[in-house]
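Each remark here refers to the structure printed beneath this line.
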DNA sequence: CATGTTGCTGCCGTTTCGGCAACGGCTATA
DNA sequence: TATAGCCGTTGCCGAAACGGCAGCAACATG
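Residue numbers (full-length UniProt numbering), protein chains in the order written: chain A, 1 to 312; chain B, 1 to 312.
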């Protein structure tokens, strides 16, 4: 089922690998064949598509436009294929997810497991990365569904849903703060804190608030792993900050206490966005999972905001 | 700039013409070439795409799926082309509009004229048809932008905007009703009325209301042309019904009087929807016109609802 | 300076494509 | 019922496109 010119597939491979010879290896063809198809494309478009650097190729402006078109075509071809397949009862395919670490503790594994019991022939690929990398992976067509902290999102992505979760402090049960119901940032900064490195978006949420307080926080630990920060907090090393999403099980085991964070009298929110490439129609099985994901995250949002009602 | 397999272009032509030989004539190639490409496609998809009837071809279910994919590809190719062209300063192309008759009196010509003064190299194609045909033309890729009465719209179309306009009675200046500020359906039915035929969507708006009144309206004239109905009303033949959109100029010439219609104490609305094919990104110049269209219709909606404030 | 890698280009066999003519199936009309 | 016209399909053959091989110059790396 390959009814598109080789040129666009070759172009796509060259764009991904950044090299004609590498693309040729990927496609199991001679590099000359790839080179010629690219030259032919450039002749037909009437403008160079790549800048030839000494070490590989880079897209020109026109090249990026074509890359966008080619991605639309190939992704839609993919959807067509799965549509045809599902017509003969074969409901299968792979859903590829790019997401931040927060949801790997319970949301994502729960959802995937539950989805697999109903649709056993749908596979999953999940990759953890930073928020901005999630958006980039979507834009490059390397993932179908993206979950990231909702900052500004580029116009070529579609924000399917936006759920807000309350940011809180995470402390061990024996911690002096553990008996409080809520906690302010100032109170936390009196203790050693486990800070997020700039690669985590929690950093960008908290840093402005900390800067406002103009108190230099007690030197503590910096990490770029939600998991690590949680484990450190559980051992009483300090105060960590995250949403309750990532600590469903651990807090039930009662080693950890989650304290909703207040700042200037109002909660601190962390906005979680679900994203999809805008110029694209998803295959049916991907769309189905996406709906469940939105529903589930909405459910969590509702539950948590009920547990910790609005305001201090 | 033809970097897609001939197969999909041939398929597209066959789908539109419903015949291999006709498609061949359209494409200036031998019919055998077209036939072979279709057969090859069917072999690669693994399922027939057309049903061979005695008189031409009809799409199968799989064929319709492929048609959708092919249309996505070709429309996106079109957008890519215009994107590349606009990069070298050439902002040109054709915007194709399918719309109902109501807006041909002033909205559409005003907009097109105004747009042409700014973007002189953008051409327009406008075709008048019934509301359901508008949606069908969009779905078949025969128009870029559709304007129709907003009933239920199929999921493969995107409703860009929805504007509501007040339905009213149209009478000559000398008509007994002409001195009123508003008018009810019952009052109108006491006089000869100019009824819309079922092909016009006004029919489907008014017929249920008329049926409720259970008075047989005085036999009068039925027509399927907004223009004709307006001219008839101007000559005092009877009461016509339409929105104020179509009578901007005539009512200023004071031959006609527009009386907002009330039914059971509340206004009767006519919802105008602007539609675009969902799985598609518009070329920049088309998108630009679309924005102006939405803005202008929104402006009219605001003005008219200010002129005839809510309620009786 | 040697070595490896890059993209590109003749040369040539293979595959694909398109035009021509003919065939069988069907409809409409006389 | 016979015939003319249109339909999609198929064999044949020349033309165009494609891909593999080997070799080129340009550049980076050591």
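Note that beta-carbon positions come from the ideal geometry of N, C-alpha and C, so glycine has one too.
Do residue 205 (chain B) and residue 191 (chain B) come within 8 angstroms of each other at the CB atom, strictly closer than that value?
-> Locating residue 191 (chain B) in the second chain gives position 191, where the first residue counts as 1. Locating residue 205 (chain B) in the second chain gives position 205, where the first residue counts as 1. Going by C-beta atoms, residue 191 (chain B) is not nearer than 8 angstroms to residue 205 (chain B).
Chain-ordered chain B contacts of residue 227 (chain A) [CB-CB under 8 angstroms] = On the first chain, position 227 is the one that residue 227 (chain A) refers to. None at all; the shortest Cβ gap to chain B is about 39 angstroms.
Below 7 angstroms between beta carbons is the criterion; list the residues of the stretch 72-84 of chain B that meet it against any residue of chain A, in chain order.
-> 72, 73, 76, 77, 80, 83, 84
Using a Cβ cut-off of 8 angstroms, which residues of the stretch 5-21 of chain A contact any Cβ in chain B, in chain order?
-> 5, 7, 8
Where the beta strand (DSSP E) through residue 53 (chain A) begins and ends | Counted from its first residue, the first chain places residue 53 (chain A) at position 53. Residues 50-53.
Three-way DSSP call (helix, strand, coil) for residue 23 (chain A) in this model | On the first chain, position 23 is the one that residue 23 (chain A) refers to. Helix at residue 23 (chain A).
Rounded distance between the beta-carbons of residue 32 (chain A) and residue 3 (chain B), thought under 8 angstroms = Stepping through the second chain from its first residue, residue 3 (chain B) is reached at position 3. Stepping through the first chain from its first residue, residue 32 (chain A) is reached at position 32. Actually they do not touch by this definition, with Cβ atoms about 19 angstroms apart.
Contact belief for residue 254 (chain B) with residue 173 (chain B) at Cβ below 8 angstroms, rounded distance in angstroms | Within the second chain, residue 254 (chain B) is the residue found at index 254, counting from 1. Within the second chain, residue 173 (chain B) is the residue found at index 173, counting from 1. Indeed, because the Cβ distance is near 6 angstroms, the residues count as touching under 8 angstroms.
Candidates B:80, B:26, B:266, B:224: which alpha carbon is nearest residue 280 (chain B)'s?
-> The sequence position of residue 280 (chain B) within the second chain is 280, counting from 1. With distances taken between Cα atoms, residue 280 (chain B) lies closest to B:80.
Quick one: what does DSSP say residue 37 (chain B) is sitting in, helix, strand or coil?
-> Working through the second chain from its first residue, we reach residue 37 (chain B) at position 37. Helix, per DSSP.
Opening and closing residue of the beta strand (DSSP E) in which residue 260 (chain A) lies = Here residue 260 (chain A) refers to the residue found at position 260 when the first chain is read from its first residue. 256-263 is the extent of the beta strand (DSSP E) around residue 260 (chain A).
Could you check the C-alpha separation between residue 136 (chain A) and residue 171 (chain A) for me, to the nearest Å?
-> For the purposes of this step, residue 136 (chain A) is identified with residue 136 of the first chain, where counting begins at 1. For the purposes of this step, residue 171 (chain A) is identified with residue 171 of the first chain, where counting begins at 1. C-alpha separation (whole angstroms): 34 angstroms.
Who are the neighbours of residue 135 (chain A) on chain B, taking C-beta pairs under 9 angstroms?
-> Mapped onto the first chain, residue 135 (chain A) falls at position 135. What residue 135 (chain A) touches in chain B: nothing, since even the nearest Cβ is about 18 angstroms away.
So, do the stretch 253-268 of chain A and the stretch 122-141 of chain A have three or more beta carbon pairs nearer to each other than 8 angstroms?
-> no
For residue 45 (chain A) and chain B, any beta-carbon pair shorter than 8 angstroms?
-> The sequence position of residue 45 (chain A) within the first chain is 45, counting from 1. Yes, contact with chain B.
For residue 58 (chain A), which beta-bridge partners are listed by DSSP?
-> As a working note, residue 58 (chain A) is residue 58 in the first chain. DSSP, once it has assigned bridges, lists A:51 as partnering residue 58 (chain A).
Residue 139 (chain B) versus chain A: which residues are under 8 angstroms apart at the beta carbon?
-> Mapped onto the second chain, residue 139 (chain B) falls at position 139. Neighbours of residue 139 (chain B) on chain A: none; closest Cβ ~14 angstroms, over 8 angstroms.
What is the DSSP secondary structure of residue 156 (chain A), reduced to helix, strand or coil?
-> By one-based count along the first chain, residue 156 (chain A) stands at place 156. Residue state, collapsed to three classes: coil.
Minimum length 4: unbroken alpha helix (DSSP H) runs contained in the stretch 175-218 of chain B | 185-189, 201-213
Of the choices A:210, A:195, A:207, A:259, whose alpha-carbon is the least far from that of residue 228 (chain A)?
-> Residue mapping note: residue 228 (chain A) aligns to position 228 of the first chain, counting from 1. Here the closest residue by C-alpha is A:195.
Span of the beta strand (DSSP E), counted from its first residue to its last, around residue 101 (chain A) | Position 101 of the first chain, counted from the start, is the residue given in the question as residue 101 (chain A). Looking at the DSSP string, residue 101 (chain A) is not in any beta strand (DSSP E), and its letter there is neither H nor E.
Run down chain B in chain order and give the residues with a C-beta less than 7 angstroms from the C-beta of residue 69 (chain A).
-> Your numbering for residue 69 (chain A) matches position 69 in the first chain. Simply 76, 77, 80.
In the structure shown, what three-state DSSP assignment does residue 6 (chain B) receive?
-> The sequence position of residue 6 (chain B) within the second chain is 6, counting from 1. Looking at residue 6 (chain B) - three-state DSSP - the assignment turns out to be helix.
Which full runs of the alpha helix (DSSP H) of 4+ residues lie inside the stretch 114-173 of chain B, going along the chain?
-> 131-139
Which term fits residue 51 (chain B), buried or exposed, when burial requires 16 or more other beta carbons within 10 angstroms of its beta carbon?
-> Counted from its first residue, the second chain places residue 51 (chain B) at position 51. The residue in question, residue 51 (chain B), is exposed, as its Cβ has fewer than 16 Cβ neighbours within 10 Å.
Answer yes or no: does any C-beta atom of chain A fall closer than 8 angstroms to that of residue 281 (chain B)?
-> The count along the second chain starts at 1 and reaches residue 281 (chain B) at position 281. It does; some Cβ of chain A falls within 8 angstroms.
State yes or no: is the beta carbon of residue 2 (chain A) nearer than 8 angstroms to at least one beta carbon in chain B?
-> In the first chain, the residue the question calls residue 2 (chain A) occupies position 2. Yes, because at least one Cβ of chain B sits closer than 8 angstroms to the Cβ of residue 2 (chain A).
Residues that residue 275 (chain B) bridges to, as DSSP identifies them = For the purposes of this step, residue 275 (chain B) is taken as the residue at position 275 of the second chain. Residue 275 (chain B) pairs with B:146, B:159.
Residue 283 (chain A) by DSSP, collapsed to three states: which one?
-> The count along the first chain starts at 1 and reaches residue 283 (chain A) at position 283. DSSP places residue 283 (chain A) in coil when its eight states are reduced to three.
Of all the CB atoms in chain B, is at least one closer than 8 angstroms to the CB of residue 62 (chain A)?
-> As a first step, residue 62 (chain A) is located in the first chain; it is residue number 62 there, counting from the start. With 8 angstroms as the cut-off, residue 62 (chain A) counts as an interface residue toward chain B.
Coil, strand or helix - residue 223 (chain B) by DSSP = The sequence position of residue 223 (chain B) within the second chain is 223, counting from 1. Residue 223 (chain B): strand per DSSP, three-state reduction.
Would the beta-carbon of residue 66 (chain B) fall within 8 angstroms of that of residue 45 (chain B)?
-> Indexing the second chain from 1 puts residue 66 (chain B) at position 66. Indexing the second chain from 1 puts residue 45 (chain B) at position 45. Yes, the Cβ-Cβ distance between residue 66 (chain B) and residue 45 (chain B) is below 8 angstroms.
Ends of the beta strand (DSSP E) at residue 240 (chain A)?
-> The residue given as residue 240 (chain A) occupies position 240 in the first chain. Start and end: 240-243.
8 angstroms Cβ cutoff, residue 59 (chain A) in contact with chain B | Locating residue 59 (chain A) in the first chain gives position 59, counting from the first residue. Output row for residue 59 (chain A): interface = no.
Using alpha carbons as the reference points, say which of A:98, A:61, A:86 lies closest to residue 277 (chain A).
-> Within the first chain, the letter at position 277 stands for residue 277 (chain A). The candidate whose alpha carbon is nearest that of residue 277 (chain A) is A:98.
Assuming residue 164 (chain A) contacts residue 271 (chain A) (C-beta within less than 8 angstroms), just tell me the rounded distance between them.
-> The residue you call residue 164 (chain A) lines up with position 164 of the first chain. The residue you call residue 271 (chain A) lines up with position 271 of the first chain. 5 angstroms between Cβ atoms; contact.
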